[in-house]
Every structure is written in structure tokens, then in C-alpha cells.
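Visitor:
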Amino acid sequence: DVKVTQSSRYLVKRTGEKVFLECVQDMDHENMFWYRQDPGLGLRLIYFSYDVKMKEKGDIPEGYSVSREKKERFSLILESASTNQTSMYLCASSLPRTGGTEAFFGQGTRLTVV
Amino acid sequence: GESVGLHLPTLSVQEGDNSIINCAYSNSASDYFIWYKQESGKGPQFIIDIRSNMDKRQGQRVTVLLNKTVKHLSLQIAATQPGDSAVYFCAENFGGGSNYKLTFGKGTLLTVNP
Chain A
1 DVKVTQSSRY LVKRTGEKVF LECVQDMDHE NMFWYRQDPG LGLRLIYFSY DVKMKEKGDI
61 PEGYSVSREK KERFSLILES ASTNQTSMYL CASSLPRTGG TEAFFGQGTR LTVV
Chain B
1001 GESVGLHLPT LSVQEGDNSI INCAYSNSAS DYFIWYKQES GKGPQFIIDI RSNMDKRQGQ
1061 RVTVLLNKTV KHLSLQIAAT QPGDSAVYFC AENFGGGSNY KLTFGKGTLL TVNP
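Chains as they are written, first to last, in our numbering: chain A, 1 to 114; chain B, 1001 to 1114.
1. Can you pull the chain B residues whose beta carbon is under 8 Å from the beta carbon of glutamate 102 of chain A, in chain order?
2. Using a Cβ-Cβ cut-off of 8 Å (strictly less than) and excluding sequence neighbours within five positions of leucine 45 of chain A, which residues of its own chain qualify?
3. On a CA-only basis, which of B:Leu1109, B:Glu1015, B:Lys1101 and B:Ser1052 is nearest threonine 1069 of chain B? Give me that one, please.
4. Give a yes or no on whether 8 Å exceeds the smallest Cβ distance from leucine 111 of chain A to chain B.
5. Whose C-beta lies closer than 7 Å to the C-beta of isoleucine 1077 of chain B among residues of the same chain, with five residues either side of it excluded?
6. Which of the three DSSP states is assigned to threonine 101 of chain A in this structure?
7. Using alpha carbons as the reference points, say which of B:Gly1059, B:Thr1010, B:Val1064 and B:Lys1071 lies closest to serine 1030 of chain B.
8. In chain A, which residues lie less than 8 Å from isoleucine 1008 of chain B when you measure between Cβ atoms?
9. Whose Cβ in chain B lies nearer than 9 Å to the Cβ of glutamine 107 of chain A?
10. Skipping 5 residues on each side, what residues in its chain have a beta carbon closer than 8 Å to that of phenylalanine 48 of chain A?
11. Going by beta-carbon coordinates alone, are glycine 106 of chain A and glutamine 37 of chain A separated by less than 8 Å?
This is how it looks when you write it as C-alpha cells:
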């Protein structure tokens, strides 16, 4: 089974802190994604990566950056956390199959910025 | 129904009834669609997918219907069980340079009454 593991289930950070959310997948998937999930807004794509050291902006990249130094690990960075970044963050991975393929999700990290 | 403000569309059914969850997708060029189930406190889980060259696909107790004319997707769950209670998301993928990126709907909350 594919396993996508996010390093924390719950995090509480202060405004202005630099925050790292870590995600690891064990299925050798090329594609990795970071989404945030807010009530009534569904899942919105922040950034994705289709290869090591490669990244592309998603729909809401402002205030975030990412790092993919190894194929299995994709990190989301909040350079200076703000209260409007309080959310559920979901990491996912998938294979680069032409025509699309399912993404496998981690359990999520609920981040609260105070 | 349509979501209003921060409230998810909801569907409440009796155990044993059939459920139909609907989704309108946005891009007529989308060629791959997925339904995900998200239980409270967990990441989304794959249920079933369908490609644009099909109009129906069946799984175990679930059927997905695709109507490309009106850009509509539906998920039918037969003999709904309490364990089916969750938020259900549709996701679409369209080809081209970002053919591995899924765009999600806002979700529908299914509640199964015993």
C-alpha cells in the first residue's frame, strides 16, 4: 500500500514564525503536492513538484514555499506564519501517468497560528 | 444543492437507501475524474475514477456516471451504510503541461442515519 506520512498531526505556531511541514512517501512517486483545506472551500493546491528540485505554483502559493531535495520528501515552508494560514494541510503523491491518475493523501496536519 | 457561504452541501439518507452525490466540474477539456471520501480527521481516500471516454464505471457498491455534455459527475452508493458517512469530493484532471494536477470540488457531506 502507498503510504504518505506527514510529520505532525497538530501544530500550534506563533505569528511570524517560520514553519516547516514535512511529508514523506514510500512508493517512489514522482509527483508530490501540498493542498490546504478550509471549510466550504474544499482542497486548494498550494504547490506541486513533478521531480526532485522541480516545483510549480498551484492556485494559492502566496506566503508559501516548498523544497524537494529528495524524491520521497516534500516540504512546505511558511516563511512568516500568519493567522490566515491556520488550516488543514494535506500532502499527496502520485505517478506521472498520461491522462491523469489518483493521488494518495497523508492524514493531514492541522496548523493553528496564534 | 449549492454551497452557501462556508456550509457544505449535505445529503442525509437512511441506512440501506441508495445515495447519489452530484458534482459539476469546470473544465470541458478535463479527461479524468476521481471521487474521494474523507472521514473526519483523515486524509481523502480514493473511491473510484473514470476517464472521459467512458460514461459509466462501477465498483463495489459504487457507480460513477459522467455526462460530458453538461459537465456533470455523479457518485451512486448502493445500500448506504453508517460507515459511508463522510465528506465526498470530486476531482478533475485536464491534460497538457499540468496533466498530473487534480482540481477538487468543495465537497458534499453525506450523513447516514441508522
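Even glycine gets a Cβ: it sits at the ideal position worked out from N, Cα and C. As the structure is a prediction and not an experimental result, all values here were calculated from the model.
Guide: In terms of the structure at hand:
1. Per Cβ cutoff of 8 Å: Ile1034, Phe1046 and Asp1049.
2. If you ignore the 5 residues before and after leucine 45 of chain A, its C-beta comes within less than 8 Å of the C-beta of Phe33, Trp34, Tyr35, Gly58, Asp59 and Ile60, all in its own chain and listed in chain order.
3. For threonine 1069 of chain B, the closest alpha carbon among the candidates B:Leu1109, B:Glu1015, B:Lys1101 and B:Ser1052 is that of B:Ser1052.
4. Taking 8 Å as the threshold, the shortest C-beta distance from leucine 111 of chain A to chain B does not fall below it.
5. Apart from sequence neighbours up to five positions away, the residues of its chain that approach isoleucine 1077 of chain B with a beta-carbon distance below 7 Å are Asn1018, Ser1019, Arg1061, Val1062 and Asp1084, ordered along the chain.
6. Coil, per DSSP.
7. Put simply, of B:Gly1059, B:Thr1010, B:Val1064 and B:Lys1071 the residue whose alpha carbon is nearest the alpha carbon of serine 1030 of chain B is B:Lys1071.
8. This sequence places leucine at residue 1008 of chain B; isoleucine is not what is there. The contacting residues are Pro39 and Gly40.
9. Result: Gly1041, Lys1042 and Gly1043.
10. Excluding sequence neighbours, phenylalanine 48 of chain A sits near Asn31, Met32, Phe33, Trp34, Lys55, Glu56 and Gly58.
11. For glycine 106 of chain A and glutamine 37 of chain A, no; Cβs fall outside 8 Å.
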